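Report on one structure; see the data block that follows.
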Amino acid sequence: MSKTNKNFLVHKTELNNTKISESETPEIQDGEVLFKIDKYAMTTNNITYAVVGHKIGYWQFFPTEEPYGIVPVWGYADVIESKHEGVTVGERFYGYFPMGNFLKIQVGKCSPFGITDGSAHRADLAPIYNNYSNTKADISYNQEMEDYAPIIRPLFTTSFLNYQFLKTGKFFEAEQIIITSASSKTAMGLAFMLKKNQEEDGKKIVGLTSPRNVEFVKNTGYYDEVITYDDLEKNLNQKDSTVVDMAGNSKLLFRINDHLGEKLKFSSLIGLTDWTSEKEFKTLPRSKFFFAPAFAQQLFKEWGVEKANKEIAVAGAEFTQEASQWMDLVYLNDFESLSKLYHEMLQGKVDPSKGNIVKI
Ligand SMILES: NC(=O)c1ccc[n+]([C@@H]2O[C@H](COP(=O)([O-])OP(=O)(O)OC[C@H]3O[C@@H](n4cnc5c(N)ncnc54)[C@H](OP(=O)(O)O)[C@@H]3O)[C@@H](O)[C@H]2O)c1
Numbered sequence: 007m008s009k010t011n012k013n014f015l016v017h018k019t020e021l022n023n024t025k026i027s028e029s030e031t032p033e034i035q036d037g038e039v040l041f042k043i044d045k046y047a048m049t050t051n052n053i054t055y056a057v058v059g060h061k062i063g064y065w066q067f068f069p070t071e072e073p074y075g076i077v078p079v080w081g082y083a084d085v086i087e088s089k090h091e092g093v094t095v096g097e098r099f100y101g102y103f104p105m106g107n108f109l110k111i112q113v114g115k116c117s118p119f120g121i122t123d124g125s126a127h128r129a130d131l132a133p134i135y136n137n138y139s140n141t142k143a144d145i146s147y148n149q150e151m152e153d154y155a156p157i158i159r160p161l162f163t164t165s166f167l168n169y170q171f172l173k174t175g176k177f178f179e180a181e182q183i184i185i186t187s188a189s190s191k192t193a194m195g196l197a198f199m200l201k202k203n204q205e206e207d208g209k210k211i212v213g214l215t216s217p218r219n220v221e222f223v224k225n226t227g228y229y230d231e232v233i234t235y236d237d238l239e240k241n242l243n244q245k246d247s248t249v250v251d252m253a254g255n256s257k258l259l260f261r262i263n264d265h266l267g268e269k270l271k272f273s274s275l276i277g278l279t280d281w282t283s284e285k286e287f288k289t290l291p292r293s294k295f296f297f298a299p300a301f302a303q304q305l306f307k308e309w310g311v312e313k314a315n316k317e318i319a320v321a322g323a324e325f326t327q328e329a330s331q332w333m334d335l336v337y338l339n340d341f342e343s344l345s346k347l348y349h350e351m352l353q354g355k356v357d358p359s360k361g362n363i364v365k366i
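For the sequence shown, the residue numbers in the working numbering are 7 to 366.
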């Protein structure tokens with residue numbers, strides 16, 4: 007085993023400034039385990055973690071040399087050393103990792119289903135991020151589809167939760183749901199849920215996207231209508247609507263608001279894919295930020311952990327099967343390729359038909 011632990015670092019306030027660090031593999035103490043990180047996904051969601059790193063606390067997960075930070079990623083890792091009686095070398099976990107080779111954690115809760123990192127620096131962060139699921143007992147784990155999961159699972163969980171949020175709120179009396187950044191995987195997961203339940207809910211599904219992604223979005227079949235941002239005043243129906251926003255561009259949201267007026271019933275603000283755009287949301291009427299981990303805690307309390315996990319796993323497996331039809335996996339095997347991908351994504355050069363898996 008290589009003794010060097012490489013990490014991809016991003017300057018916390020100058021996101022274009024990145025470097026690769028090298029250090030010794032961490033040594034573990036009593037109660038700790040050492041993971042060898044096997045593979046993880048990179049999507050625009052990870053860029054958003056960097057954009058709101060200070061505001062939401064994403065830089066706190068994996069502290070490194072200031073003024074740099076490590077962007078968290080979802081993936082798999084194997085335990086290669088353990089000084090905790092409940093964790094065995096060779097066990098494989100799904101969870102939240104740094105863009106690096108190794109992670110040491112202080113085991114908090116421990117059960118056959120998984121473990122948590124109980125380290126002090128992670129104590130104030132949303133519990134969903136501190137949980138590592140043991141693949142042996144994880145109902146969402148499917149070895150055959152393993153490489154799709156780090157891409158789809160965290161995003162689809164948000165899509166599923168947002169769908170439940172909308173449904174609980176009776177879709178805010180809307181006849182149609184308009185989703186921005188319609189080609190993003192989080193948007194498509196939500197459109198999939200709306201389509202799947204369309205007979206019961208009766209909501210029209212409208213996707214707003216950029217011209218280069220129109221064909222791709224149409225071909226997925228999840229949307230009843232696909233409109234480009236430029237054409238929204240010309241083509242967007244003036245029906246009672248709820249917007250689910252992945253883009254985070256306040257100018258776009260005000261254009262939709264001006265076009266629909268009182269017919270815009272609610273805007274659920276989820277994402278910031280268009281991260282360099284104007285962000286003046288305060289005066290946007292009837293709008294609220296949707297933070298998936300917070301809603302997850304509420305839903306898990308209402309439904310119980312078992313039911314919630316099962317429903318997410320079943321719908322997620324169906325969406326993953328479908329995603330394998332419209333998404334090709336791309337593998338990155340060194341830090342230089344990872345760096346190139348990060349910088350491309352930062353500039354918005356994202357091909358929605360590709361799913362990036364880093365395996366270094
Ligand atoms: N609030 C929460 O709890 C939560 C949870 C999960 C995800 N999210 C957010 O949901 C968003 C979508 O994430 P994802 O990983 O699903 O995305 P993704 O699949 O990587 O999305 C790619 C699409 O996003 C748009 N895009 C990407 N970069 C852009 C840029 N620089 N400028 C303008 N548009 C850009 C483009 O869509 P179009 O061409 O269609 O516009 C692109 O095809 C992220 O902002 C993520 O953080 C939020």
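Every residue gets a Cβ at the ideal spot worked out from N, C-alpha and C, and that includes glycine. Every value quoted in this text rests on a predicted model; they were computed, and no experiment measured them.
Own chain partners of residue i with C-beta closer than 7 Å, once the 5 adjacent residues on each side are dropped
i, result
"residue 83", "41, 42, 43, 44, 99, 103 and 109"
"residue 112", "37, 38, 123, 124 and 125"
"residue 305", "167, 170 and 314"
"residue 370", "Residue 370 is absent from the structure shown; the chain starts at 7 and stops at 366."
"residue 302", "134 and 167"
"residue 189", "215, 219, 222, 223 and 358"
"residue 55", "64, 77 and 78"
"residue 229", "188, 197, 211, 212, 213 and 223"
"residue 286", "256"
Per-residue DSSP class, three states only, for residue i
i, result
"residue 36", "coil"
"residue 139", "strand"
"residue 91", "coil"
"residue 214", "strand"
"residue 151", "helix"
"residue 226", "helix"
"residue 281", "coil"
"residue 70", "coil"
"residue 334", "strand"
"residue 322", "helix"
"residue 286", "coil"
"residue 104", "strand"
"residue 297", "coil"
"residue 86", "strand"
"residue 75", "strand"
"residue 57", "helix"
"residue 134", "helix"
"residue 304", "helix"
"residue 244", "coil"
"residue 97", "coil"
Which residues DSSP lists as bridging residue i, in chain order
i, result
"residue 292", "Paired residue(s): none; residue 292 is not in a bridge."
"residue 250", "185 and 274"
"residue 123", "113"
"residue 15", "25"
"residue 364", "46 and 338"
"residue 234", "215"
"residue 80", "102"
"residue 310", "Beta-bridge pairing links residue 310 to no other residue."
"residue 30", "10"
"residue 41", "85 and 109"
Proximity test, Cβ basis, 8 Å: residue i and chain B
i, result
"residue 84", "In summary, chain B is missing from the structure at hand, where a single protein chain is found."
Beta-carbon proximity list for residue i, same chain, < 8 Å, skipping 5 on both sides
i, result
"residue 340", "366"
"residue 243", "182, 210, 212 and 231"
"residue 119", "139, 140, 143 and 144"
"residue 154", "326, 329, 330, 333, 335 and 361"
"residue 322", "146, 158, 159, 162, 163 and 166"
"residue 5", "Since the first residue shown for the chain is 7 and the last is 366, residue 5 is missing from the structure and cannot be characterised."
"residue 152", "82"
Chain-order list of residues whose beta-carbon lies under 6 Å from that of residue i (same chain, five-residue window excluded)
i, result
"residue 88", "39 and 95"
"residue 284", "256 and 257"
"residue 147", "141"
"residue 57", "278 and 281"
"residue 116", "92"
"residue 245", "181 and 182"
Rounded distance between the beta-carbons of residue j and residue i, thought under 8 Å
i, j, result
"residue 24", "residue 345", "6 Å"
"residue 164", "residue 300", "Wrong, their Cβ atoms sit about 11 Å apart, outside the cutoff."
"residue 184", "residue 249", "5 Å"
"residue 121", "residue 93", "6 Å"
"residue 289", "residue 252", "Contact flag wrong, Cβ pair sits at about 21 Å."
"residue 70", "residue 15", "6 Å"
"residue 73", "residue 127", "That pair is no contact at about 17 Å."
"residue 1", "residue 351", "Nothing about residue 1 can be read from this structure; the chain reaches only from 7 to 366."
"residue 59", "residue 81", "With 8 Å as the limit, residue 59 and residue 81 do not qualify as a contact, their Cβ atoms being about 19 Å apart."
"residue 11", "residue 30", "7 Å"
Distance cut-off 7 Å: residue i Cβ against heavy atoms of ligand 2
i, result
"residue 281", "Ligands displayed in this structure: ligand 1; ligand 2 is not among them."
Do the region 267-277 and the region 133-153 make contact, defined as three or more Cβ pairs closer than 8 Å?
-> no
Three or more C-beta pairs below 8 Å linking the region 192-210 and the region 257-272 = no
Check whether the region 324-337 touches the region 151-165, taking contact to mean three or more Cβ pairs, one atom from each stretch, closer than 8 Å.
-> yes
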